[in-house]
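So the structure is just underneath, and the comments pick up after that.
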């Protein structure tokens, strides 16, 4: 038994605030409908954004935990032609099994092509009967021509077949095959070496923490996550970036399924560049420029459309090639009011990293559940109230204040006692 829901949206106001949603629900068992009914929802508070986001299925993760992007391409015009125009990059990006197929076919086809050419030349000159020429002293058929092509391109040279000066066309074919063979060798070897040196597998030893946390650091709400390098070889010029992906509806009514906003992780101060010898905690300060500035704990926990994409880039020390490691955090993977447990411990002669604590967190009950904006307003209000109370207390308690009007008398206006008190 399955259910089909058909939605119909009716706009009452051009402002998008008054909407009526009709839902036609049909229940089927097999091919026969069992029942059907219509549900009408009319709400003054329903908005266009609620409609677009509410009717969508739960959004899939855009970037997986392993760094793979959950994106497929369809309806691409001239896709094959575009990929073949950049054949070298295509060979580097394809899987190894297809690379081995191309490697094998490129040599086999070249041997067969020139073997067929030598067979035609030998047949035209009558050398297949055993006369001196491309067929050799013992003559032969297509198999002999194929072996001659193989021996020529691979420089084996068994010595039974050879080219004579009596056939200039065969000499030109041998020269052409040598050039084509060198080109194939250079292309295949270059593609294989580039594929071997590709730093894609280096990402297997670059890891992000399973979750992110939100807690106070230096009196400010911060979002934090961890990144580590499991190898002893360093990642040169390592730096991190982060983006917030979330659907949004513009004031004009345009629906953006993946609106991205940059998350500042210290680009201005240089703290986005990390020395990745031991695990590092990346800190995003939730200030007035942060997309999380007006988001409190309950809002974060209920937001099923939110995704934070984190990126680590750097150069592999051994090859100086740039590598990139990616991961993401959904709202359910961002723990409010928790901190990471320490992983770096000082020993007698070294520092020790215990990766069993890498993903562990502990709760901080004192973490405020309000948004960073509300927290800043509370601090500002408390600071202003404290300053006003101090000013009033100082004025009332000062011996120079006038009890009638509360105004302080200027020191310069007070009469000073006479230097000679007896001179009256």
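In this note's numbering, the protein residues as written are 631 to 1054.
For glycine and all other residues, C-beta sits at the position ideal for the given N, C-alpha and C.
- In its chain, beyond the 5 residues on either side, 858 have a beta carbon closer than 6 angstroms to the beta carbon of residue 837.
- Contact between the region 850-864 and the region 905-917 is present, with at least three C-beta pairs closer than 8 angstroms.
- Between residue 924 and residue 1001 the beta-carbon gap is near 5 angstroms, inside 8 angstroms, which marks them as a contact.
- Per DSSP, residue 712 lies in no beta strand (DSSP E) segment; the continuous alpha helix (DSSP H) that holds it begins and ends at 709-715.
- Here residue 798 is exposed. Its C-beta has fewer than 16 other C-beta atoms within 10 Å.
- Residue 863 is bridged by DSSP to nothing; it lacks a bridge partner.
- For the set 969, 1009, 999, the Cα lying nearest the Cα of residue 991 is the one of 969.
- Three or more Cβ pairs closer than 8 angstroms define a contact, and the region 695-704 falls short of that threshold against the region 870-878.
- Under the three-state reduction of DSSP output, residue 690 falls in the coil class, being neither helix nor strand.
- From the listed residues 796, 743, 817, 917, the smallest Cα separation to residue 733 is found for 817.
- If you draw a straight line from the Cα of residue 776 to the Cα of residue 795, it is about 20 angstroms long.
- Using a 10 angstroms sphere on the CB of residue 793, the tally of other CB atoms reaches 16 or more, which defines it as buried.
- DSSP places residue 925 in the coil class of the three-state scheme, outside both helix and strand.
- Look at residue 1010 here: in three-state DSSP terms it is helix.
- Residue environment: residue 866 is assigned as exposed (fewer than 16 neighbouring CB atoms within 10 Å of its CB, all protein chains considered).
- In this structure residue 881 is exposed. Its beta-carbon is surrounded by fewer than 16 other beta-carbon atoms within 10 angstroms.
- Counting every other CB atom within 10 Å of its CB across the protein chains shown gives residue 812 a total below 16, marking it as exposed.
- Boundaries of the beta strand (DSSP E) harbouring residue 892: 885-892, taken from the DSSP string.
- In this structure, residue 904 sits near residue 870, with a CB-CB distance shorter than 8 angstroms.
- The continuous alpha helix (DSSP H) containing residue 804 extends over residues 798-827.
- Distance from residue 956 to residue 939 at the Cβ level is roughly 7 angstroms; contact confirmed, criterion being Cβ atoms closer than 8 angstroms.
- Secondary structure of residue 850 (DSSP, three-state): strand.
- Per the C-alpha coordinates, the member of 827, 961, 814, 942 positioned closest to residue 934 is 961.
- A check of alpha carbon separations from residue 842 across 702, 984, 872 identifies 872 as the nearest.
- Spanning the alpha carbons of residue 750 and residue 815 requires a straight line of approximately 26 angstroms.
- In this structure, residue 720 places its C-beta atom within 8 angstroms of the C-beta atom of residue 713.
- Here residue 861 is not near residue 953, since their CB atoms are 8 angstroms or more apart.
- Looking from the CA of residue 1003, the closest CA among 901, 746, 823, 927 belongs to 927.
- The C-beta of residue 809 has fewer than 16 other C-beta atoms within 10 Å across all chains shown, which makes the residue exposed.
- Excluding sequence positions up to five before and after residue 700, its CB lies within less than 8 angstroms of the CB of 690, 691, 692, 693, 694, all in the same chain and listed in chain order.
- Each residue's CA atom was taken as its position, placing residue 888 and residue 805 some 57 angstroms apart.
- Spanning the alpha carbons of residue 716 and residue 823 requires a straight line of approximately 17 angstroms.
- The Cβ atoms of residue 985 and residue 974 do not sit closer than 8 angstroms to each other.
- Scanning its chain for C-beta atoms nearer than 8 angstroms, with the 5 sequence neighbours on each side dropped, one finds around residue 929 the residues 1001, in chain order.
- In the structure shown, the three-state DSSP call for residue 896 is coil.
- Counting along the chain, the unbroken beta strand (DSSP E) around residue 956 starts and ends at 952-960.
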